[in-house]
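Take the sequence shown: its letters are residues 1 to 566, numbered as in the UniProt record's numbering.
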Amino acid sequence: MPPDEWVSPDMVRVITMPNSSEGWVIGDHVQAPPELNAPSAVVVESSTVVSVRWADGKIEMDLSSLDLCPRPHISAHDFLPGDFVSRSGDGFETAAVSTVTPHAADVWQSNQNTDDAYGETERARSELLPEILPESPLGVVTCVNQQARTAEVQWSTLTGALESEEVSVFELTNHPTVDVRLGDAVLIPEASDMQWAGRVCAIQSEGHALVELLDGTAQWCHVRRLIVVEGGEGSESVDDSDGSQSDGSDSVASVPGNFEVPAFQESTQCRDADEPESDAVEQDVSVHESGNSAPSTTVDSEARDPVEHAAFDVCDEDIDPSDHHFLRHAPLATRVFMAAVRREMVVLRKGLSESMSPSAPIIVRTFSSRTDLFRALVAGPPGTPYADVPFFFDVALPPEYPREPPLAHFHAQYVGNERLNPNLYVDGKVCLSLLGTWSGPTWDPQRSTLLQVLVSLQGLVLVEEPYFNEPGHECDVGTEQGRQASTLYNENARLLALRAALQAAHSPPVGFSEIVASFFSQAGPRLLKDCEEALEEPRASQSSEGFCKVLAKNFLPRLRERWGSG
Numbered sequence: 001m002p003p004d005e006w007v008s009p010d011m012v013r014v015i016t017m018p019n020s021s022e023g024w025v026i027g028d029h030v031q032a033p034p035e036l037n038a039p040s041a042v043v044v045e046s047s048t049v050v051s052v053r054w055a056d057g058k059i060e061m062d063l064s065s066l067d068l069c070p071r072p073h074i075s076a077h078d079f080l081p082g083d084f085v086s087r088s089g090d091g092f093e094t095a096a097v098s099t100v101t102p103h104a105a106d107v108w109q110s111n112q113n114t115d116d117a118y119g120e121t122e123r124a125r126s127e128l129l130p131e132i133l134p135e136s137p138l139g140v141v142t143c144v145n146q147q148a149r150t151a152e153v154q155w156s157t158l159t160g161a162l163e164s165e166e167v168s169v170f171e172l173t174n175h176p177t178v179d180v181r182l183g184d185a186v187l188i189p190e191a192s193d194m195q196w197a198g199r200v201c202a203i204q205s206e207g208h209a210l211v212e213l214l215d216g217t218a219q220w221c222h223v224r225r226l227i228v229v230e231g232g233e234g235s236e237s238v239d240d241s242d243g244s245q246s247d248g249s250d251s252v253a254s255v256p257g258n259f260e261v262p263a264f265q266e267s268t269q270c271r272d273a274d275e276p277e278s279d280a281v282e283q284d285v286s287v288h289e290s291g292n293s294a295p296s297t298t299v300d301s302e303a304r305d306p307v308e309h310a311a312f313d314v315c316d317e318d319i320d321p322s323d324h325h326f327l328r329h330a331p332l333a334t335r336v337f338m339a340a341v342r343r344e345m346v347v348l349r350k351g352l353s354e355s356m357s358p359s360a361p362i363i364v365r366t367f368s369s370r371t372d373l374f375r376a377l378v379a380g381p382p383g384t385p386y387a388d389v390p391f392f393f394d395v396a397l398p399p400e401y402p403r404e405p406p407l408a409h410f411h412a413q414y415v416g417n418e419r420l421n422p423n424l425y426v427d428g429k430v431c432l433s434l435l436g437t438w439s440g441p442t443w444d445p446q447r448s449t450l451l452q453v454l455v456s457l458q459g460l461v462l463v464e465e466p467y468f469n470e471p472g473h474e475c476d477v478g479t480e481q482g483r484q485a486s487t488l489y490n491e492n493a494r495l496l497a498l499r500a501a502l503q504a505a506h507s508p509p510v511g512f513s514e515i516v517a518s519f520f521s522q523a524g525p526r527l528l529k530d531c532e533e534a535l536e537e538p539r540a541s542q543s544s545e546g547f548c549k550v551l552a553k554n555f556l557p558r559l560r561e562r563w564g565s566g
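This is how it looks when you write it as structure tokens:
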């Protein structure tokens, strides 16, 4: 309790609390009910005690609220007893993002619209959910081993069968149609009397919730029967696409003020869009609408030999960017704009050929029919959870380029419904100060280039410890809490990166079939070797049990099938 202190009444503000009969504030006037004539009194001291169910399922009673603090960061795989879950799926070669919509009677929620780069609106794809069929088992977490990253889950089917199983938390996801939590305000559609609304006050592992009704009575209801009213006390837990708590701000990866422009750019001093066109570009470029072509076909990447590919090239006329994210946004082919496009191609061709790393290349393609559009393969650097994995970005030069920065879109469909990096969103958003999507050193029309954007993606986003890219996490650098959180984040990021690798090898984007096959002819065996070594000592003891479980069960067999020597 703070010490007593005399203050002016002008400095005192009355605080109104909900359920004031239970939450008293010092100075409140009270009396003993129901005697209206009972002597009144003033509250001079109050304290709060709580009951806590810990992750291991144990319940501790009468803890002082002052001895507890909010958990600062919650990841997508931080589950607690009472959470309703489903398996995230074992088929990592199928599309992880589904268009299945949760049943309307399960959850009331408003889908926010979000502005895209051109000011148009589309439904927020960050709320897309894994495809989980209605007849799939409903799991209730009963206990969690946070160090081992495993959870005990009791599964129940529509037939009522129950089964308990210990699984890796990386195999679990929040259930898409059942999201009932303690404190939620709920509706009971099938109620036979007037008592059809209440609040959840207990949850059983069999899938039933105890609902305290408006008249003070309580009844048990199966969670599938309940409609959660958004705004309940228990609804403010996980709201981000990867399940982590968010303060509403975007992640940050900004170019530092001392970022050095590569030496080869110093010869390209002409950043004024009105200067004459460079004659160093051999190809004649044009911008016009193109028709549809056949989609990319599956590539048998393990059967290909390494092939030398140019770091930058213009795709042949018969290759149509039909799946490019910015295809329908075609700028006018003005002289000023075309001069900027030609200069960008010069910088890309020279810069990538001189600085490309064999183990972590950046390969860029543009299209002879749409040279304002680019597609880039950015390989994860060694020593990071993204090593030996290609990530794809669609880039477009807006009509006001170079006065305005490029537009970028991340191919998140190869990853699924989780963010493998704080700066890469499941709806394709790329958070980078150079792109104008975060505060920090911004696009400089006189010096900035598309090459600098791509180098920043590889060097500032795909980093060794991406956990600290998240706003608010930088204060954990150098702390034991930060080290543990970063290690767990890297484990999940590595699994998502492996999923992206298998997806990309199975179905590469248009224009990159041969490139992906050549890339994995060397990177694929390295991925397999790295995973095998991760399951052996001493590395196995440095990883969580849950990580090793899902790696051995879900990924190693697929990696051996695709890139094994046998």
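Positions of the beta carbon are idealized from the N, C-alpha and C atoms, including for glycine.
Could you spell out where the alpha helix (DSSP H) holding residue i opens and where it closes?
i, result
"R162", "According to the sequence provided, residue 162 is Leu. The question's Arg does not apply to it. Where L162 is concerned, there is no enclosing alpha helix (DSSP H), although the beta strand (DSSP E) it sits in stretches over 162-168."
"C69", "Premise fails: C69 is in no alpha helix (DSSP H) and is neither H nor E."
Let's see if you can read the secondary structure: which residues bound the beta strand (DSSP E) around residue i?
i, result
"residue 613", "With the chain covering only 1 through 566, there is no way to say anything about residue 613."
"Q446", "Q446 -> no beta strand (DSSP E), and no H or E assigned at all."
"T487", "Run containing T487: none in the beta strand (DSSP E); it sits in the alpha helix (DSSP H), 480-506."
"V85", "84-87"
"N554", "Segment: none, N554 is in no beta strand (DSSP E) and carries neither H nor E."
"T173", "172-174"
"C475", "It is not in any beta strand (DSSP E) - C475 carries neither H nor E in the DSSP assignment."
Less than 6 Å between C-beta atoms, sequence neighbours within five positions excluded: which residues of the same chain meet that for residue i?
i, result
"V415", "L496, A500"
"L556", "C531"
"L451", "V347, L348, G351"
"Q503", "Y414"
"H411", "F392"
"L488", "none"
Helix or strand or just coil, what does DSSP make of residue i?
i, result
"W563", "helix"
"F512", "coil"
"V79", "Residue 79 is actually Phe in this sequence, not Val. Of the three classes helix, strand and coil, the one that applies to F79 here is coil, per DSSP."
"F468", "helix"
"D62", "strand"
"Q458", "helix"
"S521", "helix"
"Q542", "helix"
"S51", "strand"
"D274", "The predicted position of D274 is uncertain, since its pLDDT is 41 and thus under 50; no value can be drawn from it."
"L332", "coil"
"G440", "coil"
"Q219", "strand"
"residue 567", "No statement about residue 567 is possible, as the shown extent of the chain runs from 1 to 566 and does not include it."
"D372", "strand"
"V347", "helix"
"residue 568", "The chain is shown from 1 up to 566; residue 568 falls before or after that span and cannot be answered."
"V43", "coil"
"V463", "coil"
"L138", "strand"
Which same chain residues end up closer than 7 Å to residue i when comparing Cβ atoms and leaving out the 5 residues on each side of it in sequence?
i, result
"G546", "A148, R149, T150, S168, V169, F170"
"T173", "V85, S86, S88, P130"
"A552", "L535"
"E165", "V153, W155"
"G57", "P81, T142, C143"
"T384", "L462, V463, E464"
"R53", "I59, P81"
"V341", "V285, T371, D372, L397"
"W196", "L187, I188"
"H325", "D394, H409, G428"
"E474", "F468"
Name the one or two DSSP bridge partners that residue i has.
i, result
"I363", "L377"
"E152", "C143, E166"
"I188", "I188 pairs with nothing; no bridge assigned."
"I203", "A209"
"H325", "Paired residues: none, contrary to the question."
"F337", "Beta-bridge pairing links F337 to no other residue."
"N423", "Answer is none; N423 lacks a bridge partner."
"V415", "According to DSSP, V415 bridges with nothing at all."
For the putative contact between residue i and residue j, defined by C-beta atoms under 8 Å, what is the C-beta separation to the nearest angstrom?
i, j, result
"V453", "P406", "6 Å"
"P390", "V516", "7 Å"
"G82", "L182", "7 Å"
"F79", "V141", "5 Å"
"P422", "N490", "Rounded, the Cβ-Cβ distance is 12 Å, inconsistent with contact."
Who are the near neighbours of residue i in its chain, counting only those whose CB is closer than 8 Å to its CB and skipping five residues on each side?
i, result
"R224", "D106, L138, T177, V178, G207"
"A540", "A534, C548"
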